[in-house]
Structure formats: structure tokens, C-alpha cells
Amino acid sequence: MSIIKNEKVINFSLSFIYACLIVFFIAHLPLVFVGVLALICAWNFYITLSNKPKPNAWLANILAGVSLVLMLYTIGMSDTVILFVAMLLLASLFKLLQAKTKKHYHVITTLTFFSLSSVYLFNQSILTTLTVSGLYILNFAVLGLLESKHNLKIASKQSGKLLLLALPLAIFLLLFLPKMPAFWQLPGPKLAKTGLSEQVDPFDIAKLSNSDELVFRAEFNEEKPVAPYYWRAIVHDEFNGNAWLTSDFLKYNNLKANTQSKNDEQLIASYSVITEPATQKWLYGLAYSSSNSQNVEGNSLGLLRKKNRQAKSLQYDVNSFNFVTLPLGEFEEKRYKYLTHKKNIKTSSLAKNLKQKTHSDRDFYNSLLQYFAGTGFTYTLTPTPMSGDNTIDQFLFDNKRGFCGHYASAAAYIFRTAGIPARLVSGYLGGELNQDNNTLTVRQYDAHAWVEVYLQNEGWVIFDATAVVAPERLNGSLSQNQELNNEFKSNLDFGLVSLSNFPAINWLRLELENLDYQWSSWVLGFDEEKQNDFLKSIFGSKNIWLVPLIVLLTAGFCFVGYFVYLNLPKRPAKLAPMVKEFYEIKAWAKKQKINTPDNLTPSQQLHFFAEQLPHSAQSINTFSQLFNQVRYGKKPFTKERKTQAKDLIKLIKISK
Amino acid sequence: MPKKTAKRPSLFKSFKQSLFNKLLKNKHLKNSITLEHRTIYVLPSSLGWYFVIVAILNFVMGINYQNNLILIMSYLMFVVMIIAVLMGYSNAKGLTVKFKDAFNSYAPQKPSIVFELQSPTVTQSINLTYQGSEQTHKYTDEVDNKPQILTLCLPYSSRGKYTVQRIKIASNYPFGLITVWSYIQLQTDVFVYPSLEQVHSDAHVSMLDEQADKGISTQSGSEEFEALIPHLPEMGLQRVSWKHYAKTQQLLVKEFVDFKIANALFDFTLMNGDTEQRLSQLCFLVCEATEKNTPFMLKLPSKTINTNTGQQHKQQCLALLCSYNGGV
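These protein sequence lines are chains A and E, in that order.
Residues 6 to 661 in this note's numbering are what the first sequence lists, from first letter to last.
Residues 8 to 335 in this note's numbering are what the second sequence lists, from first letter to last.
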């Protein structure tokens, strides 16, 4: 049927696009399945490069069936989004393996437009955007190649030009077309990485692997509150012997309580937070947080939650208040004192000892802090794993080395044994402050766990044993902490953060960070709310109805303008020297009603004019000489000759 | 001879045909067409529809995940689609397709039509499609202001006279997202002559002598000397045979004749085989006779063409052979 002119280049380009796509999805797909995809992709490359025929339909279909089973087995049905992406990739790669006609390639390229977009579900960084945009251009070039005989370079140039032409209008539409709310709830992609989990179980961890992945950024509106910043995310209230969990009671029975809203005078900070895409519902805030943003809800613990479980970056405003000193309810008090598991005998006796020595809860709090400060505890990211049912005993009395989880676990246990209500909180501590734009960048390695204790007359107070063991940890991020720096860096995947000793690289890192911040704040975070503000700032709130009209008019105007441009009469090709001047004389002669026969050479025509117009004969003859010199005598058409020709034309026209 | 049973056009097809004819309003019944506003039609191609569907899917995904990057890709695709319509239209505008000639053929060769294409601005990717019951294509990459000759083969290989169907002039430029097209409906017929089958028998030659003896037609002419006849006063002196006058003192005039008689008679009933074979043999004889400049007469059961010679006579005879549809 239709013959494809550039099959080799097309195959190669599509294989390349899919190779890049596979790289994008490596982190999200099971390794075995990635291997299968890579193999098929490599096969495509091999066939293209070695001009081998494509495998027959039977073989390819059987292989596709096997891969499908493998895909279902390795990925499972739980995460529908990644399953869908995997299916899309697999289908496209097998189709490419069998594609022969133009129609097959059409199907693949159109599917590719969809596959490329699905990358953005998982990653929206600048680098990803640039790469995917490049692949878009390449995909358009493939479409062009399917139609014409051009080579890849010309086709890419054309498609790049076209997309560049279309981009301003697309951005315009994005800015001005009213944003629609989601039609229906779609399952979000489940991202694997997180620093926090609903269960804090520090004792079987041998190495806390640090990731410098961004979690969120916070921008303070006015003045920054005083450091340290404890970003609360999850409250754990149940200890099962090894780990601290969030009880079902807390999960489902902490709807928004209005008690806090009366205490506006206790506002300590207001700021906005931009989170990176994550599937968990929890969000981050200082102390008792509440938010008026659309997709965010607060609860009675002062924690923030997403309303919808959507893995996209989210921006919300937060107001943080101090905890109120309302007395705990009887039931609450009981719950925060409750310990089912009491096998850590040494710890229990330590708690009882301390309790006897002190007179108040505050006293107990201070002496416990002193205990952690003075008994030779050290902070480490590589603790010795502990097991058994008295792990807290082992930690407190034998190892004495651990990270925040250990200290928080132990402290909460001691408080509860002493009959003081306590709960474990996990979240992030600190963050890296960028002085330029007053933003705090919080990364996964800032993850932290601490204890909140309810002291009589004071309310909930933070107790952080890590603070006395490793006080540097409180001020700023781990990356700025000199003492732990070495240990920290050896722990970190190779990245720009690990090179922060070099000033130039550190500067570069901060600049990139800033750019990234602007990107997520302005591009990714441009939501309905921001759009409304933006439109109101341009049109005023009264003239908002103008927006659709203006969108339509502008788009129409652009298209009409482009259409007119396309249909403008093309300028004639550049004429040879002296030809223009010759035509000028000819046109003038025509005006004088001299009909020149068409079959004469230019010289003959000029001669003819000279005969017909004896007044200007001399000038015409001189012009004729000049014409012959330039056109046939290979004399250069210099400026002098040009002016001479012009003067001659003037003379010819004047003389009558 | 494999018999081709013509498919009865389905109801939908005939409806489509009549709708088309109504819409086109005989705008394309010309032998030369310049594509302009009135005669260019633009719609997304099948790829274009896929593309739009993917753009919509992207839009839905962008809305539901509130993802600006996906949304912008979707808008980009819509804008590109509209730009493609404009580009495609501007590309095709101004193209002139002129019918030059139709080449008839001998079965089983296919006849062809020759077009001359020209465009003031460069027009890319043009496909001429013959829209008969079977389609044929001819593709050219680029047409500019130099006239370009394009030959389109027609899908006919069996003997017959065919009315040339509508020809679609289409371009998928750019990216194949849209189809810009127009039609040209030529007012000519093409012939597929019977295949040539050599004839060795002298059947028709023997017929010749018989008829020559009967002297079917003689008329005075100038080529062949026939006889001497007595001179009459109105005859003039140019053709007087002075030799005879010198010998016999008798004024005699030389009479010449042209033998414009049926030198050959090709008769359908005298051939061997079935209808097609007979027609093939007649076709061969007609061609041979024309080549040798032998005057001939063609006789089919339905019609007879009188003796003559020359290309026009040949065309007439071959056309008759093509449209013959009686039995043996």
C-alpha cells in the first residue's frame, strides 16, 4: 500500500524515544520488567542497524503474550497507573517490532504522544520537561518523515519550528483558559520513595540511607519564626514493642476541631508550602497548623492532610499556632499514657527512679534531657541493629548509639512509663534556608522523629533527645552541619549536595535550587486559585467575563495572522545585477508607448529605444554599454557603476 | 477469460456517490483545475483523528491530575492541528493540474493519463488517486513553477471502453495530520484494446482476390492506367495519347483509375476461437494493415466499417473492437 521512505530513520528515532521513556520509568517499574522492555528496545535497535527483517507475527505475538503475563505478575493489579504505563510501553514496543505499513507507524507515533505525557505524572522537574520536549520534537519529526523524503535533520528542524510557533499560543491558552476541576477521580501514581512512614521502627535499621530528594519548600510571608523548625507530618500513638504506630483511633477520629480557631493571638507563623508529588496524604506544618487552601484539610491534632490522594505537587498556605493549654480529656490522657508492652525492664526502672526524684512533670522533662546529655549517647546514621523484645533497654544501656528514631522511641517509652502523656511525631527538622527568596528547602535527609509530651499547665511540649545528643542537628539542615558532615556525605548518593564544599559548585547548586523553586511555584503550581488571582489582576474582578472573549479573539487573530503570512505573495528571487535597472527603462519605455518586440535581446531592445527616442539616445547607448560590461564583460557591479546606471536612467527619463 | 462480476454498489455507497455529486455541483468537470478557495477541501486525515483523540486524552489526564505540563502538551497538540490545517491549505493553493493526454493500451497493459502540474509557490507531497472501483496512485514530492509531467496509470487491463472516473488530487502535508484535496473530472474515455494475437491464416487474403475480381468499386483517378477512350471535346488536351495520334491519327485519351477497393476484409465470423480471441486477431490485423498502409474493411456482426486507411480509421476500428459486446 503506502511506501515508507525513511523506514530506517523512523525505526531508529522511535526506538530512541522509547529507550528514553524506559530510562524515565526505571525507578517506577520492577527491574525484571524494565529488563524485558530494554531487551525489546535493543532488539528494535539491532534490527534497524543491521537491516534485518522484522520478526514474523507469530513469534512477536507469542512473545507479547509472555511479556504481558510477566508484566501482570511483576507489577500486579494494585497500582493501576503504573500498570497502564507499563502496558502502553509494552504495546508500543511490540507494535514497533512488527510495524510494516504507514498505518502501523501512525498508530505508534500517536501512542507515543500519550506515553510522553505520562512521564509528567511521575516527574515534573525542569530537566525532565526539557528532555520530554526534545522527544516531542523528535516524534513530530517522525510524523513528518512518514510523509516526505526529507532527512531527519530537516524534519526535526521543521517540527521544532512548528512547535515553537505553537508554544506561545499553547501557553496563552494555559494561562487564560479557565481551569476545570477534575472530571472524575483517577488513581494517582504511587511513588515509592519516602522518608517517613506510618510506622517508626528504628531498631532493625543498620543504615539510614539518605536521599537528597526534595520533599517540600516553604516560603515565609513575613518574618521567619525562630528556629528550630519542627515540620509535623504524622503522630504515632501506639507502641507495639518495637515500633510506634498510628492507631486506628487517631486515623479515623480526628476530624477538624474548632477549638483552636479562637486563639488567633497565638499565631506564630504564616507561610506557604509547595510539596513535591507524593502519594501519601500527609502534609507538613509547624506546631498546630491550619490551612484555608482548597485541597487541604486540618485535623484536631494540628496536622494537615490532602483532601484527595493525588500525586501531584501541591501548594497551600498555612497558619501555625501555638498549642493550646486546654486540659486533656480523660480518654485522651489514658490513651497517651497507655503501654501494652512492658518488657523493657531496665528502662521502666529508670523511669520510675527519675519520677521519684522529681516533683513535677516539668522537672521530669528536664532531668530526662540531662540524662540523655550526660550519659555518653552519640548520634549516628549507622546504628547497630537490635532485635528481641527489649530493644529500648539494649539501646539505652548497651549501645548508646542511634539516630532520632531511637531517641524518640526511648523517650516516649520512658514518659509513658512515668505516667506522663506522650506521643511520637515524625516529620522533618530544619531545612536549608535560601536567604535570597526567604524559602526553606526540606529534603528527605531532613526526616526526623521526636516526642511531644503533655505537661501539666503547659500543654504539649516538644521533647527532642537528639537536640542534646547532637545539638548541631537543630540548626539548619544536615547538609550545613559540620560535625556530621562526613558521615552524612559518605551516606549520601553522589549528588551536588555532596560537593557543597566547593564554593562554585555550592553557588551553582543554590542557583539551580532557586530556578527549581520558581519552576514549581510558577509553572507546576499554577492552579485554579492562582489563575483566578492572575486574571483578576489583569482584568479586575468585574470584567472577568471578558476572559473567554479575549481568549477566542486572540487565538483567532493569531491563526488569521499566520494564514495571511502563509499566503503573502512570495518575493521574487534576487535578480542579477543591472537587470532591475534594465526593467526600469523598459517600463518607462512602455509608458512612452513604445512597443518592443519580445524576441529582441536586451541590447537590441535598448538600441530600439534609442532609435525611437532620439532625445535620450546618447544616454541609452551609454547605459547599453554599461549593461554589456556588467552582464557580459564580467566587470564587477561596483557602487560607482550602480550610481552611474541610476544617473543614466534619470537622464533618459528627463530628456524629451 | 476470467469473468469479473461487477459488485453491486451498496446502498451506502450509492448514497455517498449521489451526495458527493450534489455537493461538488460539477465544479470539477474540467480538463484543467487550479486549486483555490472554492475547490479545496480540508479535513483531518485518519492520523489527524487519532492525533485529536490523543490530544483529548491528554487534556483529560491533565485536568484530572491537575498537571500543567500535560495540559500544555494537549493545548500544543490542538494548536498544531489548527496550524496544520492552515499550512496544508496554503500548500495546496494555486496548484494547477492540467490534463495533457490519454494513452490507450492493448490488453493486458493498462491505459494511462498524463497530467501537467504547476504551482506558483512550491507545493509539497501531492498524490493523484484514480477513484475507480480499484484505485491507483501517483505521488510526487514537490511541484514548483516549472511544469511537471505526471503519468497516472488506470486500473483497467481487460478490453473495453472506459469513462475516466473522478481523480482525487490530495496532499497530506504537513505531518499527514490533515488531508487537503480536490477533484478533477475529465471528460474523456480511455480504451483498452483487445490484446494482439498474431494471425497466420490467409483466410482474409483469399477473400481479397474474390472481391477484387468482382470489382466492387472503380472510380477514375490518376494512379493506374486503365484504358484508352475516344476524345470528347470537353476533355481538354492534357491526357491525349499523342503516340496513338501519330500512328493512327485518332484522338484517344488515356484513362487512369485509383484502385480504392477493399484490399482486405477483416470479418469477425471468419476468425477462430471465442469472442475475445477473434477480437484479438482482428486487432492484430487492423494494426498490421495500418502499418503496411493496406486499406481494409472491418466487419463485425453488429456493425461494419467501410474500407479506408490511416490512423483515424485505425482508431475508429479499434474503438469498435473495444466496445463490441456480442457473442461469437
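Beta carbons: idealized from backbone N, C-alpha and C, even for Gly.
No experiment lies behind these values; they were computed from the predicted model shown.
Boundaries for A:T471: no beta strand (DSSP E) harbours it, while the alpha helix (DSSP H) harbouring it runs 470-474, taken from the DSSP string. Where E:V49 is concerned, the enclosing beta strand (DSSP E) starts and stops at 48-51. At a Cβ-Cβ threshold of 9 Å, A:E457 and A:A415 do not count as neighbours. A distance below 6 Å between beta-carbons, with the five flanking residues on each side excluded, links A:G165 to the following residues of its chain, in chain order: I142. Rounded to the nearest angstrom, the gap between the Cα atoms of A:I45 and A:L98 is 7 Å. Secondary structure note for E:T282: its alpha helix (DSSP H) is the uninterrupted segment 282-299.
For A:L36, no CB of chain E lies under 9 Å from its own CB, so it is not counted at the interface with that chain. With contacts defined as CB atoms closer than 9 Å, E:Q155 and E:T147 qualify as a contacting pair.
Within the segment 296-366 of chain A, the runs of alpha helix (DSSP H) that reach at least 4 residues and sit entirely inside it are, in chain order, 335-342, 350-362.
Following the DSSP letters along the chain, one finds A:N144 in no beta strand (DSSP E) but inside the alpha helix (DSSP H) bounded by residues 131-152. Residue nearest to E:L292 within the set E:E262, E:S309, E:P308, E:Y200 is E:Y200 (criterion: CA-CA distance).
Below the 9 Å Cβ cutoff, chain E contributes no neighbours of A:G139, its closest Cβ being approximately 13 Å away.
Using a Cβ-Cβ cut-off of 9 Å, A:H111 counts as an interface residue toward chain E, since at least one Cβ of chain E sits closer than that to its own.
Interface with chain E (9 Å Cβ-Cβ cutoff): A:T280 is excluded.
Within chain A, no residue has its beta carbon less than 7 Å from that of E:L135; the closest one is some 14 Å off. A:F402: not part of any alpha helix (DSSP H); DSSP gives it neither H nor E. For A:M391, the closest Cβ of chain E is not nearer than 9 Å. E:L305 and E:L327 do touch by the CB rule: their CB atoms are close to 7 Å apart, below 8 Å.
Residue burial annotation: A:W550 is exposed, with fewer than 16 other C-beta atoms found within 10 angstroms of its C-beta.
A:W236 and A:L291 do touch by the CB rule: their CB atoms are close to 6 Å apart, below 8 Å. Nearest neighbour of A:D469 by Cα position, chosen from A:S275, A:S546, A:F408, turns out to be A:F408. In this chain, A:W524 is not harboured by any beta strand (DSSP E), its DSSP state being neither H nor E. Listed along chain A, the residues sitting closer than 9 Å to E:Q131 by beta-carbon distance are E152, S153.
Under DSSP, E:Y146 takes part in a beta bridge, and its partners are E:N134.
Within chain E, no residue has its CB atom less than 9 Å from the CB of A:G165, the nearest being about 12 Å off. With contacts defined as CB atoms closer than 9 Å, A:V466 and A:Y370 qualify as a contacting pair. In this structure the segment 32-52 of chain A does not lie against the segment 161-176 of chain A, because fewer than three pairs of beta carbons, one per stretch, are closer than 8 Å. Straight-line spacing of the CA atoms in A:V37 and A:A24 works out to 16 Å. Burial is judged here by how many other beta carbons sit within 10 angstroms of a residue's own beta carbon; E:D281 has fewer than 16 and is exposed. Taking 9 Å as the CB threshold, E:Q73 lines the interface with chain A. Every unbroken stretch of the alpha helix (DSSP H) spanning 4 or more residues and falling wholly within the segment 558-596 of chain A is given here in chain order: 584-596. Distance from the CA atom of E:L26 to the CA atom of E:T186, rounded to whole angstroms, is 20 Å. Listed along chain A, the residues sitting closer than 7 Å to E:F182 by beta-carbon distance are F145, L148, G149, E152. Nearest C-alpha to E:L157 among E:N134, E:S189, E:R166: E:N134. About 14 Å separates the CB atoms of A:L288 and A:N324; that is not less than 8 Å, and the two are not in contact.
Counting only residues of its own chain and dropping the five nearest sequence neighbours on each side, A:T114 has a CB closer than 7 Å to the CB of N144, V147, L148.
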